[in-house]
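Data first, discussion second: the structure below is written as structure tokens.
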Amino acid sequence: MSDVAPALLGRKAVVTGGSKGLGRAIAAELASHGADVAVCARGSDALAIAAGELRASGRVIHAQVADVTVAEQVRDFVAASAEALGGIDILVNNAGAAHPGTFETLTDGDWQADLDVKLFSMIRCSREVIPHMRRRGGGRIININAVYGRYPDPTFFATSVNRAACLAFTKTLAVQLAPAGILVNSVNVGFVVTSQWKNIHRQRAPAMSEEEFFEGMARGEVPLGRFGRPDEVSGIVTFLAGDRASYITGASIDVAGGMGKYV
Ligand SMILES: NC(=O)c1ccc[n+]([C@@H]2O[C@H](COP(=O)([O-])OP(=O)(O)OC[C@H]3O[C@@H](n4cnc5c(N)ncnc54)[C@H](OP(=O)(O)O)[C@@H]3O)[C@@H](O)[C@H]2O)c1
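Residue numbers (the numbering used here): 331 to 593.
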């Protein structure tokens, strides 16, 4: 057995949307590196299953049903997480959902809902954790974002616009919080197989197999030629949460198989 301490031993991490997909993989990897972890989601069943798996790590795990679009629920979740874990060092703003739609099809309600779950959830969760991080002398905020924020797609119109706002939020908050030792970064995801893409497949091409649908999309957009896996995102999040990332803030890192035609 190695006598090297796990990289995040004793750190306290909050992961929103930790019951499925990327959030679940991120929570699991943070716990496997020694962090105590709090997760939230709206659906209790999937959350209970994810929490059960996380507890196998032996770390302190707090799981709470909370909707990140509801300010009071965010406040309760963060307060209860800090209490259960004994503080907060790391926030991963991950909860979210894809909202496909063109400029013609999206209603004001769709726009507002997308803005709420993407930008406002980051604003509210960050606002609540910052006092806890200040008390501990620093922290890490990692925003799970989308390549579409830099590489707009009119068929994901609201996502493209609102994710660009999330990038600006990340950079601005990084500047504001640098003197407090709170580092803020964005991880921009391309196409990773999770339940949200499975839903999009069912809506757009129910007659096609999942493999064909994902391969077709990747062929047109992704130089590496395939969708990614959640564990290919959780690694960079763990890195950004740890001591080796101590001089990285305000960065925007694509995990997208080369997707995104820009320099
Ligand atoms: N997968 C990709 O290719 C991709 C690409 C770009 C960006 N992203 C972003 O990455 C993040 C994770 O996506 P994913 O692909 O892992 O999706 P996913 O598999 O659908 O998982 C989303 C998670 O967030 C939770 N969630 C959704 N809305 C919530 C809300 N209002 N309050 C609290 N929890 C909520 C879900 O649980 P409940 O539904 O039970 O609440 C679930 O745990 C999202 O922000 C997504 O936009 C993903």
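Think of the CB as a built atom: it goes at the ideal place given N, C-alpha and C, for glycine as much as any other residue. Because the structure is a prediction, the values reported are computed rather than measured.
Buried versus exposed call for Gly-347 [16 or more other C-beta atoms within 10 Å across all chains shown]: On the sequence shown, residue 347 is found 17 positions in, with the first residue counted as 1. Burial call: buried.
Extent of the continuous beta strand (DSSP E) to which Gly-469 belongs: By one-based count along the sequence shown, residue 469 stands at place 139. It spans 469–476 - the beta strand (DSSP E) in which Gly-469 sits, taken as one unbroken run.
CA-to-CA distance, Met-452 to Ala-427, given in whole angstroms: Here residue 427 refers to the residue found at position 97 when the sequence shown is read from its first residue. Here residue 452 refers to the residue found at position 122 when the sequence shown is read from its first residue. Their Cα atoms are separated by approximately 13 Å.
Simplified DSSP state of Asn-492, which is helix, strand or coil: Mapped onto the sequence shown, residue 492 falls at position 162. Asn-492 falls in the helix class under three-state DSSP.
Cβ-Cβ distance between Val-344 and Val-422 below 9 Å: One-based indexing of the sequence shown puts residue 344 at position 14. One-based indexing of the sequence shown puts residue 422 at position 92. Yes, Cβ-Cβ distance for Val-344 and Val-422 is below 9 Å.
Reduced DSSP category for Lys-591 - H, G, I as helix; E, B as strand; rest coil: Along the sequence shown, one-based indexing puts residue 591 at 261. Correct three-state label for Lys-591: coil.
Buried or exposed (CB count within 10 angstroms, at least 16 for buried), Met-463: If you number the sequence shown from 1, residue 463 lands on position 133. Burial call: buried.
Extent of the continuous alpha helix (DSSP H) run through Asp-438: Counting from one through the sequence shown, the residue named residue 438 turns up at place 108. Looking at the DSSP string, the run of the alpha helix (DSSP H) that includes Asp-438 is 438–445.
Alpha-carbon to alpha-carbon, Gly-468 and Glu-545: In the sequence shown, counting from the first residue as 1, residue 545 sits at position 215. In the sequence shown, counting from the first residue as 1, residue 468 sits at position 138. Roughly 42 Å separates the two Cα atoms.
Whole-number beta carbon distance between Val-522 and Gly-558, since they are thought to touch under 8 Å: Start at 1 with the first residue of the sequence shown, and residue 558 comes out as number 228. Start at 1 with the first residue of the sequence shown, and residue 522 comes out as number 192. Gly-558 to Val-522, Cβ: 4 Å. Contact.
Which of helix, strand or coil DSSP assigns to His-392: In the sequence shown, counting from the first residue as 1, residue 392 sits at position 62. In this structure, His-392 counts as strand in the three-state DSSP scheme.
DSSP-derived helix/strand/coil call for Asn-424: Start at 1 with the first residue of the sequence shown, and residue 424 comes out as number 94. In the structure shown, Asn-424 sits in coil (DSSP, three-state: anything other than H, G, I, E or B).
Simplified DSSP assignment, three categories, for Met-331: Along the sequence shown, one-based indexing puts residue 331 at 1. Residue confidence for Met-331 is low, a pLDDT of 49 falling below 50, so the modelled location carries little weight; the figure read from the coordinates is stated next. Three-state result, Met-331: coil.
Whole-Å CB distance - Val-369 paired with Ala-381, under 8 Å assumed: As a position in the sequence shown, residue 369 is number 39, starting the count at 1. As a position in the sequence shown, residue 381 is number 51, starting the count at 1. About 7 Å; that satisfies the 8 Å criterion.
Own chain, CB closer than 6 Å to Leu-554, minus 5 neighbours either side, in chain order: In the sequence shown, counting from the first residue as 1, residue 554 sits at position 224. Correct list, in chain order: Gly-587, Gly-588.
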